[in-house]
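K.L.:
Have a look at this one.
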Amino acid sequence: MASQNISVPKTPINYSIRVDKVGVRARIIRAVRIAAISVVAVIMLIPIAWMSMTAFKSRPDAVAVPPKVSFEPTLEGFVSLIAKTRQLTTEQIAEYEKNPDLNWADRIMLRRGQAIIGVSEYPRRFLNSLIIAGVSTVFSVSLGLLSAYSFSRFSIPGAGDLLFFILSTRMLPPVVVTIPVFLMYRAVGLYDTHIGMIILYTVFNLSFSVWLLKGFLDEIPREYEEAALVDGYTRLQAFRKIVLPQAVTGIAATTVFCLIFAWNEYAFALMLTGDVARTAPPSIPSALGTGGIEWARIAAGSMGFLIPVVIVTFALRKYLLRGVTFGAIRK
Amino acid sequence: MTHVALHNIVKRFKQVTALNDVSFLIADGEFFVLLGPTGAGKTTTLRIIAGLEKQDAGSVSFDGEPVDGLMPADRDVAFVFQQYSLYPTMSVYDNLAFPLRSPLRKLPEADIRRRVEQVAELLRIHHLLDRKTARLSGGEMQRVTIGRALVRQPRLFLMDEPLSNLDAKLREALRVELQHLQKSRTSTTLFVTHDQIEALTLADRIGVLDQGRLIQVGTPTDIYDRPVTTFVAQLVGTPRINLLPAVRDDGTLHVKDSSLKLPVPAQAALPAEFLLGVRPEDVRPGSGGEFTGRLALTEPLGAETILHIRSGEQTLLSIVPGIAPFRLGDEICFTIQRDRLHFFDQAGVRLPS
Chain R
2 MASQNISVPK
12 TPINYSIRVD
22 KVGVRARIIR
32 AVRIAAISVV
42 AVIMLIPIAW
52 MSMTAFKSRP
62 DAVAVPPKVS
72 FEPTLEGFVS
82 LIAKTRQLTT
92 EQIAEYEKNP
102 DLNWADRIML
112 RRGQAIIGVS
122 EYPRRFLNSL
132 IIAGVSTVFS
142 VSLGLLSAYS
152 FSRFSIPGAG
162 DLLFFILSTR
172 MLPPVVVTIP
182 VFLMYRAVGL
192 YDTHIGMIIL
202 YTVFNLSFSV
212 WLLKGFLDEI
222 PREYEEAALV
232 DGYTRLQAFR
242 KIVLPQAVTG
252 IAATTVFCLI
262 FAWNEYAFAL
272 MLTGDVARTA
282 PPSIPSALGT
292 GGIEWARIAA
302 GSMGFLIPVV
312 IVTFALRKYL
322 LRGVTFGAIR
332 K
Chain F
2 MTHVALHNIV
12 KRFKQVTALN
22 DVSFLIADGE
32 FFVLLGPTGA
42 GKTTTLRIIA
52 GLEKQDAGSV
62 SFDGEPVDGL
72 MPADRDVAFV
82 FQQYSLYPTM
92 SVYDNLAFPL
102 RSPLRKLPEA
112 DIRRRVEQVA
122 ELLRIHHLLD
132 RKTARLSGGE
142 MQRVTIGRAL
152 VRQPRLFLMD
162 EPLSNLDAKL
172 REALRVELQH
182 LQKSRTSTTL
192 FVTHDQIEAL
202 TLADRIGVLD
212 QGRLIQVGTP
222 TDIYDRPVTT
232 FVAQLVGTPR
242 INLLPAVRDD
252 GTLHVKDSSL
262 KLPVPAQAAL
272 PAEFLLGVRP
282 EDVRPGSGGE
292 FTGRLALTEP
302 LGAETILHIR
312 SGEQTLLSIV
322 PGIAPFRLGD
332 EICFTIQRDR
342 LHFFDQAGVR
352 LPS
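Just so you know, the sequences run in chain order R and F.
All residue numbers for the first sequence refer to my numbering, where the first residue is 2 and numbers rise by one.
All residue numbers for the second sequence refer to my numbering, where the first residue is 2 and numbers rise by one.
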């Protein structure tokens, strides 16, 4: 008789009767969540925002107490970063101002009583960083991919020991090995060369990239390649046509991690490069300057230094979202 | 097409012997089914024939030519995997075209299109050609997988439980389709399954594999009516064959712990103790039956009903058509079909009768 207690609506229900999506409670939770994330994001971004502001401040503004939030933006920091300058005396300034050929950069520096006399070291070192980090990343990801594939698919005698050995190269902190590497590099003529730094970063990143990529490749069922082998393809063709397209997430994640390491590396770069192959990280502190700390210049240098990593990460973001959450790869 | 021979194949994985001296022949155009429980070595056999796995001893030959030295690509077989074999980054069309685009074949794109469309028509997946494989249902996926095997004319089809991941209805439908396809194209096929119904319905001949050993090869009738061991007898047929411990006393055989007595068939040379096998359909309830038992359980399946009949300490399964009019606890009279008895020794090996 229980069925008679159920009331049947006379008219059809044509609005959503689902309450889980539109309930007040759900909306509040959602709002709280967004608020919390926003707060965290703001806290994380404050240093970067402060750095960006400092990069556009003039020297007095940068060191003003209390700190200035509104100020007149200037490119002084950037110009002094990429230009070599000379301090002028009052008479020289007066004479210099009459020169009709001054461009905007000259005028900016003149306000500080300085004349531009050439290009500074920074652009060249920035380029060194780009070359060394970029090439070593390409090498460590591609070599890592091939060896990770072998570890993942073939039965290699002592594979476990080999993998541990590969990982163990990463166990010593760089500072510990810089002196021996320095001595070896000096002996074989790799000190202060691009090739030397590329080899070093490639080797250092390789252990990481092998391990990370092996994890990703293990997730790709081998039936795919076997199907391709039976369908008339060689192992290498199957790898290129079947495995590679499925491994893009892993490759993207590994690329970003390797690039960030090679780009940020400081200890090796400081010890193993002098002038020719010196990268950007060790040169930013050298901008501390002789006449007080040049905050605007340092901030400008750091900001420029951030940009390549931001660009690469942004370009690969759609793969990264899945790539950095390993286990969550769709089967 | 091609006839295939396996000679004394042995395969070991570390300590485990996956295949132990397996030899059999598949005739040209034959549908051969390898039947066995999980871990019997069925898939390993397929993989060795395809060249995905290397045997430790023995040889595989196609049309009398050994293929042991050939790469999978050069063996020209088609492999239908149980799962995971549709390339997820490609559309259905590209999946079907993939074997034809192999550098080994170098077909013009127009030919490829024609053959892909032909196969798509045949398998009724034409409307799916532009779809990504991730957006297919299980049945559609398995159709495409089979299609990928059909687009080229391989020497041999290898199918590794292609139906086992599908739900019951689809499995039945695809099973019929497969049978139809194979018969209409007379392509040599080696099909692996653990499902005895698939084996019995599809096969021209069945090979029963257990723990790496080939136990019996024969037609479905051979396997069902003359199983060489109790293992084979129990593997085929639902419900399972009744296996009853029995003793011989002159011309009469007694089933232990029950009142069942049967005359020993004249030509049978039976030891003192043995196992009696009776298929459930050979236990026939009826008013004039010579034996009686008590009904312990019924399983009505619609078209037929399984009866569990207690006789002493023994339970016999019987299968009768339709919904049986019996009630639990009823006394039931039944007969046993005398000419369809199976005898096995204590070790489970068939005795001549």
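Just so it is clear, CB atoms sit at the ideal spot from N, CA and C, and this is done for glycine as well.
Please confirm if G233(R) has its CB atom under 9 Å from at least one CB of chain F.
P.N.:
yes
K.L.:
In three-state DSSP terms, what is H255(F)?
P.N.:
strand
K.L.:
Which residues of chain R have a Cβ atom closer than 7 Å to the Cβ of L105(F), listed in chain order?
P.N.:
G233
K.L.:
Using a Cβ distance threshold of 8 Å, determine whether the segment 64 to 83 of chain F contacts the segment 151 to 166 of chain F, with at least three qualifying pairs required.
P.N.:
yes
K.L.:
Could you tell me which of I261(R), V257(R) and M272(R) sits nearest to Y320(R), measuring between CA atoms?
P.N.:
V257(R)
K.L.:
Does chain F have any CB closer than 9 Å to the CB of P246(R)?
P.N.:
yes
K.L.:
Compute the Euclidean distance between the alpha carbons of F209(R) and R171(R), then round it to the nearest angstrom.
P.N.:
Straight-line spacing of the CA atoms in F209(R) and R171(R) works out to 8 Å.
K.L.:
Output, in sequence order along the chain, the residues in the segment 90 to 117 of chain F whose CB is closer than 8 Å to any CB in chain R.
P.N.:
T90, F99, P100, S103, P104, L105 and R106
K.L.:
Among residues of its own chain, excluding the 5 on either side of A58(F), which ones have a beta-carbon nearer than 6 Å to its beta-carbon?
P.N.:
V11
K.L.:
For Y88(F), collect the residues of the same chain with a Cβ closer than 8 Å to its Cβ; drop the 5 residues on either side in sequence, then sort them by chain order.
P.N.:
D95, N96, F99 and T134
K.L.:
At least one CB of chain F closer than 9 Å to the CB of I243(R): is that the case?
P.N.:
yes
K.L.:
Spell out whether any CB of chain R is found under 9 Å from the CB atom of D69(F).
P.N.:
Interface annotation, D69(F): not in contact with chain R, CB-CB separation never under 9 Å.
K.L.:
Indicate whether the contact test is met: 3 or more Cβ pairs, each with one atom in the segment 248 to 256 of chain R and one in the segment 206 to 223 of chain R, closer than 8 Å.
P.N.:
Segments in contact, yes.
K.L.:
Could you check if L298(F) is buried or exposed, using at least 16 other CB atoms within 10 Å of its CB as the buried criterion?
P.N.:
exposed
K.L.:
Quick one: is V78(F) near chain R, going by C-beta distance under 9 Å?
P.N.:
yes
K.L.:
Measure the beta-carbon distance from I243(R) to E226(R) and round it to whole angstroms, keeping in mind my assumption that it falls under 8 Å.
P.N.:
6 Å
K.L.:
Answer yes or no: does any C-beta atom of chain F fall closer than 9 Å to that of Q115(R)?
P.N.:
no
K.L.:
Going by Cα to Cα distance, which pick from S137(R), V231(R) and A116(R) is closest to N1(R)?
P.N.:
Summary: the structure shown does not reach residue 1(R), with chain R confined to residues 2 through 332, and so no result is reported for it.
K.L.:
Can you list the residues of chain R that S86(F) reaches, using a CB-CB cut of under 7 Å?
P.N.:
Correct list: E224, Y225 and A228.
K.L.:
Do you know offhand how far I109(R)'s Cα is from A301(R)'s?
P.N.:
Approximately 15 Å between the Cα atoms of the pair.
K.L.:
Could you check the C-alpha separation between S169(R) and D162(R) for me, to the nearest Å?
P.N.:
10 Å
K.L.:
Extract the residue ranges of the beta strand (DSSP E) inside the segment 107 to 169 of chain F, only unbroken runs of 3 or more that lie entirely within it.
P.N.:
157 to 161
K.L.:
Report the neighbours of P73(F) on chain R: residues whose CB is nearer than 8 Å to its CB, in chain order.
P.N.:
E227, L230 and V231
K.L.:
Please identify the residue among P67(R), R34(R), I35(R) and S71(R) whose C-alpha is closest to the C-alpha of A50(R).
P.N.:
S71(R)
K.L.:
DSSP three-state label for F278(F), please.
P.N.:
Reading the sequence as shown, one finds Gly at residue 278(F) and not Phe. G278(F): strand per DSSP, three-state reduction.
K.L.:
Check this for me: beta carbons of A134(R) and T280(R), under 9 Å apart or not?
P.N.:
Contact: yes.
K.L.:
Against chain R, does R13(F) count as a neighbour if the rule is that its beta carbon must be under 9 Å from one of theirs?
P.N.:
no
K.L.:
State the beta-bridge partners of F335(F) as determined by DSSP.
P.N.:
Within the DSSP bridge table, the entry for F335(F) names P286(F) and F292(F) as partners.
K.L.:
Quick one: what does DSSP say G78(R) is sitting in, helix, strand or coil?
P.N.:
helix
K.L.:
For A121(F), decide whether its Cβ has a neighbour in chain R, counting only Cβ atoms nearer than 9 Å.
P.N.:
no
K.L.:
Does the Cβ of G287(F) have 16 or more other Cβ atoms within 10 Å, making it buried, or fewer, making it exposed?
P.N.:
exposed
K.L.:
Listed in chain order, which residues of the segment 34 to 63 of chain F have Cβ atoms closer than 9 Å to some Cβ of chain B?
P.N.:
Annotation note: the requested chain B is absent from the structure, which comprises protein chains R and F.
K.L.:
Counting only C-beta atoms, is R285(F) closer than 9 Å to chain R at any point?
P.N.:
no
K.L.:
Does the count of Cβ pairs from the segment 187 to 197 of chain F and the segment 6 to 23 of chain F closer than 8 Å reach three?
P.N.:
They do not touch, by the three-pair rule.
K.L.:
Hey, is R149(F)'s beta-carbon within less than 9 Å of any beta-carbon in chain R?
P.N.:
yes
K.L.:
Once DSSP output is grouped into helix, strand and coil, what is the label at L7(F)?
P.N.:
strand
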